[in-house]
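Encoded as structure tokens, the structure appears first; notes follow it.
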């Protein structure tokens, strides 16, 4: 929260230029732009703009995005926007705005009751309920209205009393109340934080004890002990150590709350560690907070993070301890830099998109992702700070989502594992500042793109939107919005003359229409010092542009290979696979004979075979299909000559004609065809989403006319072909059909399962079909969902025994090692009903199993060794009336049987604390 202006603030401002210089010197070649600052007037302007864009005063609810309509915000996010409004109310000094926000606090709650009913304990997500418990506690602190305190206690008590469990992982609150499979940070740390608020309001120590219990368990089981917060711990997979903004935030907020409630500086140290990890790891090279889209829950996580980091900022302001001074100076400057940069990227209506690295001039704004900047301007202490734009290497990948100015498009997930620009239409553009071309200069350009239409053009301009055009690259249709290729070209001016670009420039990519309204998705781009058109492995390599070969010919009119004899080969020189390597190959073929295969070899006819594409008998030389095959990515790395060797079925000639081929980068994950294959673990897909319910996560929203499909790269059928295909599906309509094809959407059909109506979207049943064609080895499998209406939800499938659907999931066994676990820390003790109650944190090793506790008197053990499962974090010792000469030794044991050296403490010192 903001501190009061005074001497301390003035001292901080005096030191700021040096702080910012130290903070940003790691950005090589970064160039400063106009100074930007922020203050209370900016915070007021931001919340006004946010409400003008997203608040529906009639519904008393926030719209999900700027398109409005009946698309309102989700239940749990509404609670977070509620807290944002509360913070704006607390910090504004504008009487009119303050009165409006006070009314809005009540309106948001009333609108949510009208939309979701009076009682929210029927929500299956415990975290959704807890966000509202925390918000209700804060609303009571602000308004004094009893209804808010009643709801805060009711919702907290419901979750804590019914969803805390000691059996799995030694404690913690389940994520869902409808099924118990995982315990997540997003419920446990908000619960600890809500409990602190309730303790501060009521003085009831039950809530403080709940907060310390939840936090101690969460810190041990859901962090690394040094500030990194894990997402969850699952029955099936164990700990999942992914870190996100909102989980970091609630960990920090809960720690600060417990420090505030207890005065124990251990909690403050925890909060500082959580903030430090965030500052160092959840940022880009410029130390700007990452955009955590496209996930709908995560993309606004900065709102929760910044709110809680401001609690830490306030706690450090109030603390007279020089031990934190260095961190505090860096922390304050970093928060100011992030806030100022975000605000400098506001659009004309005062809205800041969630991707703070860039200014989105127009397009669809989302209320959740746009809330982060409002929160920051509201609660972060004002300081002057200068946004800076690091220099980019023109010859390295520049991720499309890292634009500095953009118009029109949206950010969405890419099947290649990053974000992409989507929804691109003619006239949209993206600008990238400070692109360094060096002194030798660039002559070529590569754009990683996909198009489900006929594609479009990318005009490359320098320094201004209407600056000199130095090239135009054609992005062709790729057959799908998730089918990526490299669109390549050479740099030329508007007269077609070759261009070499040197020096440092702002690069503007301007997207133009050829035929279709929607053009393509753009993942990344880079420039080249040579012509990439015939050497880029990931571009469309025209088969007729071969550098040698035998036993085949080139069609004079269309340029494809034809007349291919059995054993023929074609050579393509100096194909660049890059440093990460290829994982697959796509070939556009036709086959009017018996088919065969195309073998991909490197460097010579005797070189290693890195992949084999199998060509079915397609029945016509005029019908072209795209076939896929796996490639050995460990060998297809760097620059190689590529040999394509053609084999006909049964040694015959004319296996196929070949138009073009290109290599792909999406790495496959091996799946056992005879095991349980979860439908939601697809590689790429189109025309569906995922839902949870009935203990399952499944594909949903499958509407036949949208031509949905899912691709799985890859499925291993082994040496024996399966006989049947089984699916676990549910439908509240008449269902539909699931086709199984291999290696292409148009590849060989090996099975087709009819799914009938089951009387409900979560009433899952097994449906089966015979495998119509033998299949062995490793293949890319396509499931194609067909029908004329809403079809079904798909949970699982297998080519083995359908009994695998109901077989219990065995948690993975920890990987054995000989590394001993770490020690426990922060040991506390108190007398309790004739015993001594011990508490501790850790050990934090993900393979930790238990803690052994031994009581000694004069170095001689007293009583038996206690063994306490990791996660329980407490134990009882018998009463020791005179604790002098007594020590307690803690040792940690992991699942491999390794034992730590041990940590010994004096019992009288513990009790004195």
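In our numbering, the protein residues as written are 87 to 999. Backbone N, C-alpha and C fix where the C-beta goes; we use that ideal spot for every residue, glycine too. Keep in mind the model is a prediction, meaning the values are calculated, not measured.
ask   = When DSSP labels each residue in this structure, what does residue 177 get in the three-state scheme?
value = Looking at residue 177 - three-state DSSP - the assignment turns out to be helix.
query = residue 778 by DSSP, collapsed to three states: which one?
reply = In the displayed model, residue 778 falls within a strand according to three-state DSSP.
task = Give me the Cα-Cα distance between residue 595 and residue 448, rounded to the nearest whole angstrom.
result = 16 Å
message = With the cut-off set at 8 Å, would you say residue 297 and residue 346 are in Cβ contact?
response = no
ask   = So what's residue 302 in DSSP terms, helix, strand or just coil?
value = helix
query = Is DSSP giving residue 572 helix, strand or coil here?
reply = strand
ask   = What does a CB cutoff of less than 6 Å around residue 491 pick up in its chain, not counting 5 residues either side in sequence?
value = 445 and 517
inquiry  = Just list the residues that DSSP pairs residue 543 with in beta bridges.
reply    = 560 and 598
task = Return the CA-CA distance between residue 185 and residue 908, expressed in angstroms with no decimal places.
result = 53 Å
ask   = In the structure shown, what three-state DSSP assignment does residue 507 receive?
value = strand
inquiry  = Quick test of the definition: if touching needs 3 or more C-beta pairs under 8 Å, does the stretch 706-718 touch the stretch 582-593?
reply    = no
ask   = So, is residue 384 buried or exposed, given that buried needs 16 or more other C-beta atoms within 10 angstroms?
value = buried
Residue 427, buried or exposed, once every other Cβ within 10 Å from all chains shown has been counted against 16 = buried
message = At the level of alpha carbons, what is the spacing between residue 237 and residue 176?
response = 21 Å
query = Whose C-alpha, out of 126, 233 and 421, is nearest the C-alpha of residue 67?
reply = Residue 67 lies beyond the stretch modelled for the chain, which goes from 87 to 999, so this question has no answer here.
request  = Just mark residue 505 as buried or exposed, buried being the case when its beta carbon has 16 or more other beta carbons within 10 Å.
outcome  = buried
task = Output the distance between the C-alpha atoms of residue 703 and residue 665, rounded to the nearest integer angstrom.
result = 36 Å
query = Between 216, 230 and 255, which lies nearest to residue 243 when the distance is taken from Cα to Cα?
reply = 216
message = Nearest by alpha-carbon distance to residue 819: which of 846, 899 and 392 is it?
response = 846
query = Got a sec? Which residues, its chain only, sit under 8 Å from residue 971 by beta carbon, not counting five neighbours each side?
reply = 943 and 944
ask   = Should residue 465 go down as buried or exposed, given a rule of 16 or more other Cβ atoms within 10 Å for buried?
value = buried
message = So the candidates are 398, 233, 207 and 227; which of them puts its Cα closest to the Cα of residue 196?
response = 233
request  = Mind reading off the beta-carbon distance from residue 828 to residue 836? Whole number of angstroms is fine, and I expect it under 8 Å.
outcome  = Residue 828 to residue 836, Cβ: 6 Å. Contact.
key: Of the listed residues 720, 647, 659 and 546, nearest to residue 684 (C-alpha basis)   = 647
task = Specify, as a first and last residue, the run of the alpha helix (DSSP H) that residue 424 falls within.
result = Start and end: 411-430.
request  = Report the three-state DSSP secondary structure of residue 695 (helix, strand or coil).
outcome  = strand
task = Output the distance between the C-alpha atoms of residue 748 and residue 267, rounded to the nearest integer angstrom.
result = Whole-angstrom Cα-Cα distance: 42 Å.
task = Report the residue from 856, 822, 806 and 865 whose alpha carbon sits nearest the alpha carbon of residue 833.
result = 865
Supposed close pair residue 474, residue 406 - CB separation, criterion 8 Å = The Cβ separation is near 33 Å, so there is no contact.
query = Just checking, does the stretch 662-682 make contact with the stretch 718-730 on the three C-beta pairs under 8 Å criterion?
reply = yes
task = Name the one or two DSSP bridge partners that residue 683 has.
result = 700 and 733
request  = Kindly indicate the opening and closing residues of the alpha helix (DSSP H) around residue 395.
outcome  = 387-404
query = Nearest-angstrom Cα distance between residue 859 and residue 826?
reply = 11 Å
key: Start-end ranges of the alpha helix (DSSP H) lying completely within the stretch 618-671, minimum 4 residues   = none
request  = Below 7 Å CB to CB, which residues in the same chain sit around residue 948 once its five sequence neighbours on both sides are set aside?
outcome  = 941 and 942
Residue 981 (DSSP reduced to helix, strand or coil) = In the structure shown, residue 981 falls within a coil segment according to DSSP collapsed to helix, strand and coil.
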